[in-house]
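K.L.:
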Amino acid sequence: MKYNSSGTKQWTKQLGSSSSDFAWDVTVDSSDNIYVTGFTNGSLEENFNQGSYYDIFLVKYNSDGVKQ
């Protein structure tokens with residue numbers, strides 16, 4: 013979720029599966045790219061969880077909310 017300096021929401025993104033998903037950390041770099049890391053027990057897009065354990069994920073969005 014991104015807000016401008018006036019507090020108006022600019023965009024919202026959602027990432028998840030039909031199973032358990034957890035975001036662990038979020039950081040922003042000097043170019044305003046957003047990185048989210050976490051773990052999932054489901055399938056996130058083209059990445060398929062083949063076992064019964066959790067898999068980690070790292071996703072990057074640019075400052076406009078476009079997944080990179």
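Just so we're aligned, residue 13 is where the sequence shown starts under our numbering, counting upward by one. Each residue gets a CB set at the ideal place from its N, CA and C atoms; glycine is no exception. As the structure is a prediction and not an experimental result, all values here were calculated from the model.
Should Leu70 and Thr49 be called a contact, given that it needs their Cβ atoms to be closer than 9 Å?
P.N.:
yes
K.L.:
Can you find the residues in the same chain that come closer than 6 Å, C-beta to C-beta, to Val38, ignoring five residues on each side of it along the sequence?
P.N.:
Val48
K.L.:
Quick one: give me the first and last residue of the beta strand (DSSP E) that Val71 is part of.
P.N.:
67 to 73
K.L.:
DSSP puts Asn38 in a beta bridge; with which residues?
P.N.:
Here the sequence assigns Val to residue 38, which means Asn is not the residue at that position. Val38 is bridged to Val48.
K.L.:
Give the DSSP bridge partners of Lys21, in chain order.
P.N.:
Tyr15
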